[in-house]
Structures are given as C-alpha cells and as structure tokens.
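Q:
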C-alpha cells in the first residue's frame, strides 16, 4: 500500500537513484548525532567535561590547535601572494 502511494506521488521513472537515498539517510543520521552531541554539551556544560581533562592534555590540545591554525594561515597567505 505504501509503495503504491509513493508511486502515485513519484512515478518510478522519476525516482531518484539509490545513491541519493543513501546520502540523504546518512546526512540525516549525522545531523541527529550533531543534535544529540549539542544536547549533551548544553545539559552538562563545557566546564563539566573540560574539567575531566588533565592540564597536560589541555596544553597538548592548545599546541595542536595552534599548529593547525598556523598551517592554515600560512597556506592562506601563500595563496594570496600568488
């Protein structure tokens, strides 16, 4: 019955390829995970889960992030000079 209703709305000849359906489903699943993570962060608060990291871990994270930001800025400035 459902497939008959779907065929009445979208004829089989105009149905999207299966890749589009899989991509849409995967996108929806990722979006739900993002919303769940956002909910958890809002409920617990960043201060609560940041306290779980040791000072050394936070320092390593800062060094790693500053290294990547330097690389990105260097790449952006190198492209703008060309």
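In our numbering, the protein residues as written are 1146 to 1227.
A virtual CB, placed ideally from N, CA and C, is assigned to each residue, including glycine.
#1: Since residue 1196 is in the alpha helix (DSSP H), which residue starts that stretch and which ends it?
#2: CA-CA distance, residue 1092 and residue 1192?
#3: Sorted by chain position, which residues of the same chain lie with C-beta nearer than 8 Å to residue 1216's C-beta, five sequence neighbours on each side aside?
#4: Assuming residue 1188 is part of the alpha helix (DSSP H), what are its boundary residues?
A: In short, the structure shows the following:
#1: Unbroken run through residue 1196: none, as it is neither H nor E.
#2: In this structure the chain extends from 1146 to 1227, so residue 1092 is not present and cannot be described.
#3: Excluding positions up to five away in sequence, the list is empty.
#4: 1163-1189 is the extent of the alpha helix (DSSP H) around residue 1188.
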